[in-house]
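So the structure is just underneath, and the comments pick up after that.
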């Protein structure tokens, strides 16, 4: 790394970028190898050493204490104190420092605001301010744009340029090619924990992508034209709050017809999660209605919604989708355990559960040592297949899939996509929510773009991705800044688990 | 941007906000007090004497009148909440309502007491309240220190008990109260050390280990008590006691002076500790780091805060404090007896939760619980129809209501009870 | 407030890589990769990698990819990488000839029986130390230890061995009674008296232990078994002396009353948890004390209090409502132990073979996933606490309908609820494990009584031993460290469900 350089670290989800940087920042310890700073080998045993060595990091998942103010978060760990060993905090000085830094780098933040009340973009700003007050020379930004709208991304890039001008070095970790090309001075591509090449920003996107992925991957989904039938799901005027009581879904109107895939695109956190949960009866509907094939289902219990012929793949399989300690067989009947043939009266029928599990494992190509293995020991792709197998093994009217392929290997992605299309072709209405725009474009027959709890527009899959990107940024079709297409390659952040990655 | 500033769709806010519900409840309770306590009270004067006995100056009110009057005041406070005064009035009004209700109740009780006993000595009541609250204050502070840094402390009972035991044992052996006090603190810290090691190093569930440690402390002190103290009380269980220290000037204040400032070292220590912990927690570097570790240890770690070390240190500190609390039994008034804490550690836990994990909140909660306790003693003395057992339940019931969110929400530190594992 | 389960979640660092093994990496072999891809992915495997992942990858690589290259890769790297990988995971040995070695390793590293036994040993040793240091006479001999060490050792040995010998004689069998029976100087009853005592103490502990572990399996920590048992005692006793009913019916009604009492006391925290999210640990602790005061109040009420007595004791339960003795009038063991076995079987069936058991295990392991799959978490919590409370209430009924007591006193429920927590932890929340743990605790109680009266060692030692055993069980890593065993995978033995308030 040179001073005043922006160095992009490019790699797929789970290629080992985050791990590398966590080692650099002292959060993980290297098994082998050494780190050189200004030519000197250094031992970084913990974040304290890293900070002392002039390294700052903005983590993918923000490291902010929600109930603290901005100033408190900024001073934590580097507190200015008065009164000797009593260590009284010098809050005034902390506030002044925050003000100074935000002034100097044009990062506006209110030092007295509570972090939990701030929007994501501002929280990220607080993280950057936090690093800058520690006088770092090297700033690591780990997937900083994953949660940002294109516009916020633009602002961030501007901030990075001004930092560079001030002589700071920046390591910019991402898997989004456009951003890299827009800002990086040098690019290192990482794949499976190894450096596979260094490139200059002049390299074409195709070259970079090929280096990053290792082999060409097509997310193209082969499918016939849809033959939409009757409306199955009708959502009208839906209003839903998130758990903090903030408005998350703000008057959504949607219709999904039998035999079509409606894709919902949008940057994460724009109400997609809450919308789906409201449809599934997992979240109270404050206003509006949800109709399933003529029945009003808002207010129904989740069990009733599922029993009415709705299949549901939740967005976070490890939290909502699977009971990790349960066996594959048990997870396969998680929603049908009390129905014949799996349960009769008060008793379970283990034989029926086991034999049906063997069938499903076969049908859905789930790679597991046995049906009795705990599902937590399976790979992400196979876990996801277990969920898909469970949900698709009963007759459905509507299939709701939220981030169906997040953190899943390429082979499983193809398999799951194929299954979704097959479900559509037998006449099920399908609702796919994904923050991977490519996935939505590949699967959907119609694309609804969600922004701040609203559907800003419904377009066809042939629409140029720039146009969809603008919608995702909240810009309605009227003319807007042309190069605002940062969202064109929008993708979800690395799945949380992928940080545990090897490195050289 | 195009849609940024569009107003949100209207939200329908029901008439029955939490404040209104509480107001309605208070109105009902106040009206009931006036209607029930009033007729039950007698025409006797209810005297609240400003001394330790029947003599001296007193606040007086006719029993029936007082019961009805204060009941109506409580109802009025409730009504005020019900009509929807601004938010900031909520606390004061609720306070007025509760106090008025208690006064209405007292007017009934005092006036209905047997002839010649129609008085309540306020000095006694106040002193009793504080003394009974003492172990709760120490215990709850121990809880604050632990839980603010993310370690659940259900072992308060065990810490108090071990402190009381160690204080009595070493105080007796050395014949020195100060050595006894130090030993008591270390005794509490011993249980804390076990808690820390098992919770932090071995990642054992903190509630589980706390409960087990309580049983361990009961068994250990009980065993040693029977083996040593019972066979030779002279040698092992005659602890010296701290004397009464009057604080000049302050002890001359009427009512408050004799109740609070002619007391033993433990009361002063408790009040000072509450202040110190409060200031330290919210105004110092240690406090900021402690709170960050209790809320978001990963964030603290990335900023170079040594999470585990801080947790160890705070849990041990908590043990010292609770140990001193235990000594407030054996080095102030009693000798050690088996299981002498008798659940106070759990009321301390209740006070901690009721006081919302803050030192001052815990102090107020402890005083409230202490008052309930003292009131029980008083009512027993005047042969009240209210069984003392029901008053004794009050702290526990109050805590259940608080935790159920019926009296405002309580929120524990976010990482409380979660072991921290790097990476 | 979110749950962290050290056994499977972030608490167990070595497990993390297994669940979270990054998708493309773990899945690489499944994609029928080219040989060098398989090799490189295995090459990147860190030494901490979980055995399961490691061997599974090797297997799938072997079956899917080019067998020779796929298999050689991981094996070679594992062997070459570091000693830690070889000894740490045991995977290489597993594939090699050392099957017996692997078995032994597993025995030491993961076998719960081993840890339990070692925990017992540790507890007994610490108990011995306590006995010695609390005996001034013995302690005095240590004053001149360097001069005459034999004195100290002999006196220590005699006091400790006497204590533990009596513990055994009181809990299992007294050899003197056996020989006495053989030569006819005493009846058979004396031989079985210790077992009878043990079983008498065991019965209520089985119920409270089951109560706690049932709740545990559903993700709730029921510290309120004590309070639920207390309510059970109260209602069972009231039914026992207030209702004039014929023999068998009277007993059934009294038992039911006890169960209902416990169920009510379990319902309160259950509904508060389900509806208001109020933490059950806090509420059950509080309810324990409420029930205690309620008990001491009700004893003194007219119609309940025994008129001929001045102390706090109620009337006695009618004989028609008492559990029959199993071995004649001289031995205390009663039908409660049979009910306990029945309850154990019932809970085992409920947990593993019933739909409600499925629900409660799902809710216990991952309430979010359970909810998403349509299971009503609220309903499960309430029903779970009601059942748990009913079990604890039955345990309480045992205390007053059996031979332990026949009337209410302030201490009638003893510590069975709190002991039930220990029993549940020791039994690792498995019904039959709980029953065995209760048996051990019952034996400690019974033996402790004899130890107290014969050797003059306080009964409290039994409490200390119980607590110590569970402390060590809860931290298997510590036990292994003490015995110098490999502790690498100890965190998997966690018995408990960690959660915040």
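Residue numbers (the numbering used here), protein chains in the order written: chain L, 1 to 504; chain H, 1001 to 1423; chain X, 2001 to 2501.
Beta carbons: idealized from backbone N, C-alpha and C, even for Gly.
Here the structure is a predicted model, which is why all the values come from computation and not from measurement.
| Where residue 1100(H) and residue 1076(H) are concerned, what is the direct C-alpha to C-alpha distance, given to the nearest angstrom? | Their backbone Cα atoms lie some 10 Å apart in a straight line.
| Just curious, the beta strand (DSSP E) that residue 429(L) is in, first and last residue? | Unbroken beta strand (DSSP E) run through residue 429(L): 429 to 433.
| Say the cut is 7 Å; is the CB of residue 2381(X) nearer than that to a heavy atom of the ligand HEM? | Ligands are entirely absent from the displayed structure, and the ligand HEM is therefore not among its contents.
| said: Helix, strand or coil, according to DSSP, for residue 1020(H) in the structure here? | reply: In this structure, residue 1020(H) counts as helix in the three-state DSSP scheme.
| message | Closer than 8 Å is the cut-off here; do at least three beta carbon pairs connect the stretch 2441 to 2454 of chain X with the stretch 2249 to 2259 of chain X? | response | No: the two stretches stay apart, fewer than three of their Cβ pairs being nearer than 8 Å.
| What's the gap between the Cα of residue 319(L) and the Cα of residue 379(L)? | Cα to Cα, residue 319(L) sits roughly 15 Å from residue 379(L).
| query | Apart from the five residues on each side of it in sequence, which residues of its chain come closer than 6 Å, Cβ to Cβ, to residue 2266(X)? | reply | Taken in chain order, the residues that qualify are 2228, 2385, 2386, 2388, 2389.
| message | For residue 2129(X), count the other beta carbons within 10 Å of its own beta carbon; 16 or more makes it buried, fewer makes it exposed. Which is it? | response | Around the beta carbon of residue 2129(X), fewer than 16 other beta carbons lie within 10 angstroms, which makes this residue exposed.
| query | So, helix, strand or coil for residue 247(L), using DSSP? | reply | In the three-state reduction of the DSSP assignment, residue 247(L) falls in the strand class.
| Among residues of its own chain, excluding the 5 on either side of residue 2418(X), which ones have a beta-carbon nearer than 7 Å to its beta-carbon? | For residue 2418(X), the CB contacts under 7 Å within the same chain, skipping 5 residues up- and downstream, are 2226 in chain order.
| field | Per-residue burial, residue 1307(H) [other beta carbons within 10 Å of its own, 16 or more giving buried] | value | Buried.
| field | Residues of the stretch 1292 to 1316 of chain H with Cβ closer than 7 Å to any Cβ of chain L, in chain order | value | Answer set for the stretch 1292 to 1316 of chain H: 1292, 1295, 1296, 1298, 1299, 1300, 1301, 1302, 1303, 1304, 1305.
| said: Can you tell me whether residue 69(L) is buried or exposed? The criterion is at least 16 other CB atoms within 10 Å of its CB, across all chains shown. | reply: So residue 69(L) counts as buried.
| query | Can you round the beta-carbon distance between residue 88(L) and residue 1172(H) to whole angstroms, since I take them to be within the 8 Å contact cut? | reply | Actually they are not in contact, since the Cβ atoms of residue 88(L) and residue 1172(H) sit about 41 Å apart, beyond 8 Å.
| task | Within the same chain, show all residues whose beta-carbon is closer than 6 Å to that of residue 372(L), passing over the 5 residues directly before and after it, in chain order. | result | Within the same chain, residue 372(L) has close Cβ partners 327.
| request: Please report how far the alpha carbon of residue 1083(H) lies from the alpha carbon of residue 1020(H), in whole angstroms. | output: About 7 Å.
| Going along the chain, which residues of its own chain have a beta-carbon closer than 6 Å to the beta-carbon of residue 2239(X), five neighbours each way excluded? | Shown here for residue 2239(X): same chain residues with a beta carbon closer than 6 Å to its own, the five before and five after excluded, namely 2253, 2254, 2257 in chain order.
| request: Identify every residue that forms a DSSP beta bridge with residue 1421(H). | output: As computed with DSSP, residue 1421(H) is found in no beta bridge at all.
| query | What residues of chain L sit near residue 2213(X), judged by a beta carbon separation below 7 Å? | reply | Neighbours of residue 2213(X) on chain L: none; closest Cβ ~16 Å, over 7 Å.
| message | Using a Cβ-Cβ cutoff of less than 7 Å, which residues in the same chain neighbour residue 1250(H) once the five nearest sequence positions on both sides are dropped? | response | Cβ neighbours of residue 1250(H) beyond the five flanking positions: 1257, 1261.
| query | Can you tell me whether DSSP reads residue 81(L) as helix, strand or coil? | reply | Residue 81(L): strand per DSSP, three-state reduction.
| query | With a cut-off of 8 Å, do at least 3 Cβ pairs link the stretch 1181 to 1189 of chain H to the stretch 1315 to 1322 of chain H? | reply | Touching, per the Cβ criterion.
| Within the 8 Å Cβ cut-off, does residue 1227(H) reach chain X? | Cβ-Cβ to chain X under 8 Å: yes for residue 1227(H).
| task | Report the residues of the stretch 75 to 91 of chain L with a CB closer than 8 Å to any CB of chain H, ordered along the chain. | result | Those would be 75, 76, 77, 78, 79, 81, 86, 87, 88, 89, in chain order.
| request: Measuring only between beta-carbons, confirm whether residue 322(L) sits less than 8 Å from chain B. | output: Absent from the structure: chain B. Protein chains present are L, H and X.
| query | Which of the residues in the stretch 320 to 353 of chain L, read from start to end, lie with their CB under 7 Å from any CB of chain X? | reply | Listed in sequence order: 320, 321, 322, 323, 324, 325, 326, 334, 335, 337, 338, 343, 346, 347, 348.
| query | What's the gap between the Cα of residue 350(L) and the Cα of residue 248(L)? | reply | The straight-line gap separating the alpha-carbon atoms of residue 350(L) and residue 248(L) is approximately 42 Å.
| said: Does the stretch 1091 to 1107 of chain H come into contact with the stretch 1125 to 1140 of chain H, if we say contact requires no fewer than three beta-carbon pairs (one atom in each stretch) closer than 8 Å? | reply: In short, these stretches do not touch, since the Cβ pair count stays below three.
| task | Whole angstroms is fine: what's the gap from residue 1157(H)'s alpha carbon to residue 1325(H)'s? | result | Spanning the two alpha carbons is a distance of roughly 10 Å.
| request: State buried or exposed for residue 191(L), treating a residue as buried only when at least 16 other CB atoms are found within 10 Å of its CB. | output: Burial call: buried.
| What are the start and end residues of the alpha helix (DSSP H) that includes residue 1397(H)? | Start and end: 1388 to 1403.
| request: State the DSSP-derived secondary structure class of residue 256(L), mapped to helix, strand or coil. | output: Note: residue 256(L) maps to strand in three-state DSSP.
| In its own chain, which residues sit with a C-beta less than 6 Å from the C-beta of residue 409(L), not counting the 5 before and 5 after it? | The answer, listed in chain order, is 381.
| message | So within the stretch 276 to 319 of chain L, which uninterrupted beta strand (DSSP E) runs reach at least 3 residues, ignoring any that extend past its ends? | response | Listed in chain order, they are 287 to 292, 310 to 313.
| query | Could one say the Cβ of residue 1286(H) lies closer than 8 Å to chain L's Cβ atoms, at least one of them? | reply | Yes, contact with chain L.
| task | Determine contact between the stretch 261 to 270 of chain L and the stretch 438 to 448 of chain L, defined as no fewer than three beta-carbon pairs at a distance below 8 Å. | result | Enough Cβ pairs lie closer than 8 Å, so yes.
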